[in-house]
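Notes for the one structure printed next.
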Amino acid sequence: MSTTDSKTVTDTPEGFNMTWDYPLMDAIFKRRTRRIALGSEIPGGPTQYSSKQPPMPISELEEALLVQAATGVSGFNLSDLPFCDEQDRDACGNTMIQFTGRTWPSPCGSHDTELFFWNDEGTYVMKLHEVQPERMQEYETLDDRARVLEFHRDHVIKLIDGRPQYPHTYPTMLTFNIPISDLPGTTIFLPIADNTFEMINLFLLMCGWPDGGITIVDPENGNQPAGCERWIKEGLLNSMNAVPLSYFGNASQIESGFMIQNLLLTIQAMGLGGWVHAHPVSLVLLGGTPITKGLGFRYVTGKGGSTKGIPTPVGLDGILEAYCPPYYPNMDAAVDAVVEMKFGAGGLYDPDGSSSSAFSKHREVVANVPRHSDALVQCVKDICNYIYNTYGRFPSHVDAITTPGVWVQAHHLDLEFYDRFYKEGAYTDTQRDHMRVWHSK
Numbered sequence: 215m216s217t218t219d220s221k222t223v224t225d226t227p228e229g230f231n232m233t234w235d236y237p238l239m240d241a242i243f244k245r246r247t248r249r250i251a252l253g254s255e256i257p258g259g260p261t262q263y264s265s266k267q268p269p270m271p272i273s274e275l276e277e278a279l280l281v282q283a284a285t286g287v288s289g290f291n292l293s294d295l296p297f298c299d300e301q302d303r304d305a306c307g308n309t310m311i312q313f314t315g316r317t318w319p320s321p322c323g324s325h326d327t328e329l330f331f332w333n334d335e336g337t338y339v340m341k342l343h344e345v346q347p348e349r350m351q352e353y354e355t356l357d358d359r360a361r362v363l364e365f366h367r368d369h370v371i372k373l374i375d376g377r378p379q380y381p382h383t384y385p386t387m388l389t390f391n392i393p394i395s396d397l398p399g400t401t402i403f404l405p406i407a408d409n410t411f412e413m414i415n416l417f418l419l420m421c422g423w424p425d426g427g428i429t430i431v432d433p434e435n436g437n438q439p440a441g442c443e444r445w446i447k448e449g450l451l452n453s454m455n456a457v458p459l460s461y462f463g464n465a466s467q468i469e470s471g472f473m474i475q476n477l478l479l480t481i482q483a484m485g486l487g488g489w490v491h492a493h494p495v496s497l498v499l500l501g502g503t504p505i506t507k508g509l510g511f512r513y514v515t516g517k518g519g520s521t522k523g524i525p526t527p528v529g530l531d532g533i534l535e536a537y538c539p540p541y542y543p544n545m546d547a548a549v550d551a552v553v554e555m556k557f558g559a560g561g562l563y564d565p566d567g568s569s570s571s572a573f574s575k576h577r578e579v580v581a582n583v584p585r586h587s588d589a590l591v592q593c594v595k596d597i598c599n600y601i602y603n604t605y606g607r608f609p610s611h612v613d614a615i616t617t618p619g620v621w622v623q624a625h626h627l628d629l630e631f632y633d634r635f636y637k638e639g640a641y642t643d644t645q646r647d648h649m650r651v652w653h654s655k
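Note that our numbering has the sequence shown beginning at 215, numbered continuously upward.
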């Protein structure tokens with residue numbers, strides 16, 4: 215992870231280092247939902263209020279710190295799991311698919327979720343899936359902290375000017391969110407996950423157990439094997455260990471929750487206001503209707519089973535593309551791409567490749583990680599082809615691309631609202647002092 219670092223820690227506001235040094239337990243126990251931003255209003259009721267101050271956008275540095283806390287590259291993960299069992303057989307530790315450490319944990323280190331965010335100036339994504347760390351810990355010293363802004367600038371991608379367009383009305387939004395959500399001066403953070411990458415990787419794991427992998431069955435077809443009959447007969451899979459297709463596809467969705475918690479704790483440490491709340495209907499927000507473009511995701515329509523006729527998002531071209539058609543010609547190619555990332559030339563486990571890791575003897579370790587057998591790879595291809603040919607989409611029971619159903623808003627808090635309507639303690643010293651320590655220069 216390299217940057218064009220030109221900033222030092224002495225150039226930053228006092229609040230920047232105060233945020234880094236803020237006690238974790240204080241962040242956990244003092245975190246609260248604080249919804250009312252400068253420039254906002256509550257139109258009626260017992261807490262009717264109209265802010266006397268105009269909206270105040272959070273600064274680029276504030277935004278960069280929030281983004282990096284949510285999803286930054288933090289060093290190497292340890293991948294400290296068995297690669298072989300006591301008989302020197304494949305113990306499926308090769309399910310690890312990245313050595314990169316991020317600020318949030320991920321199934322198999324796959325890191326399938328990208329953070330989208332927007333403000334008054336534009337809509338952006340922090341695309342870090344291919345970024346490699348250079349050190350065990352990327353942020354150790356005071357001077358390392360100053361790299362946050364330059365790293366942010368190096369890797370942020372602007373998608374459109376301004377905020378994504380969608381109806382700020384019910385039923386697209388919940389009624390009580392409409393007056394106070396996604397307002398001028400606020401920044402919205404939305405994790406969006408690709409479920410296909412880890413799903414293929416999970417099939418390679420679950421079907422690759424040395425004593426017989428699981429048999430994946432289709433609950434919409436009488437729990438018959440999902441394209442893997444051959445591999446039951448050949449002994450690769452154990453028919454007694456059957457798992458339905460509908461169980462698969464959710465592994466990556468946990469990642470968004472970790473990002474969101476990172477954001478909320480950092481908002482408290484920085485002294486901002488903010489909250490996690492239901493975002494607009496994802497079909498509208500991502501762009502799956504003619505109502506509005508939203509974020510502009512590509513959609514396909516399922517052709518079989520319970521998802522027949524239902525549109526499903528598969529990607530944002532060039533930004534977040536699912537491992538399935540139309541981004542791959544077929545599911546064989548999608549599976550090959552995942553395997554290649556592990557064992558191909560320059561892949562994770564290529565001892566002659568450019569990747570590095572936390573292992574002191576990197577080349578020796580990766581050279582001895584068991585490879586997926588040709589039979590296993592073909593088995594997974596057969597399962598994936600069954601899904602796509604049967605349902606006209608991949609995955610079958612979960613969307614290829616998903617949002618968590620919520621997003622995080624960060625904003626400068628209107629303290630006067632809380633002074634007027636709440637007991638002392640509704641906000642903490644970080645909110646009280648925020649303007650002084652972040653914006654006094």
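Positions of the beta carbon are idealized from the N, C-alpha and C atoms, including for glycine.
Small disclaimer: the values here were computed from a predicted structure and weren't measured.
One thing to note: isoleucine 481 has its Cβ within 9 Å of the Cβ of arginine 245. With fewer than 16 other Cβ atoms from the protein chains shown falling within 10 Å of its own Cβ, valine 457 counts as exposed.
Counting only residues of its own chain and dropping the five nearest sequence neighbours on each side, histidine 648 has a CB closer than 6 Å to the CB of Gly485.
In this structure, the beta-carbon distance from histidine 611 to phenylalanine 462 falls below 9 Å. DSSP places glutamine 351 in the strand class (E or B) of the three-state scheme. In this structure, the alpha-carbon of tyrosine 605 lies about 4 Å from that of glycine 518.
Between leucine 477 and valine 287, the C-beta gap is not smaller than 9 Å, which leaves the two residues out of contact.
By the C-beta criterion, the region 247-254 is judged to be in contact with the region 484-501, since at least 3 inter-stretch pairs fall below 8 Å. The beta-bridge partner set that DSSP reports for asparagine 452 consists of Ile428. When DSSP reads this structure, valine 370 sits in a beta bridge with Met340.
Sequence-distant partners of aspartate 396 (beyond 5 residues in either direction) whose C-beta falls short of 6 Å from its own C-beta, in its chain, are Ile402. Taking the Cα of threonine 400 as reference, the smallest distance to any Cα among Gln346, Phe635, Gly259 and His625 is reached at His625. The secondary-structure analysis by DSSP pairs proline 385 with nothing; it has no beta-bridge partner. In the structure shown, the three-state DSSP call for tyrosine 236 is coil. Bounds of the beta strand (DSSP E) holding alanine 624 are 620-625.
The beta carbons of serine 568 and glycine 560 sit closer together than 9 Å. Following the DSSP letters along the chain, one finds leucine 404 inside the beta strand (DSSP E) bounded by residues 401-408. Membership of leucine 329 in the beta strand (DSSP E) is indicated by the continuous run 327-332. In this structure the region 284-298 touches the region 335-345; the number of beta carbon pairs closer than 8 Å is three or more. Under DSSP, glutamine 438 shares a beta bridge with Asp432. Taking the Cα of glutamate 228 as reference, the smallest distance to any Cα among Val583, Ala483 and Ile446 is reached at Ala483. Cβ neighbours of lysine 556 within its own chain (closer than 7 Å, five residues either side excluded): Asn308, Ile311, Leu562 and Tyr563. Leaving aside the five residues that flank valine 498 on each side, the residues in its chain whose CB is nearer than 8 Å to its CB run, in chain order, Tyr380, Pro381, Thr386, Ile505, Thr506 and Gly508. Assigned with DSSP and collapsed to three states, proline 321 falls in helix.
Taking each of Phe411, Ala536 and Val580 in turn and checking the Cα distance to serine 320, the smallest one comes out for Phe411.
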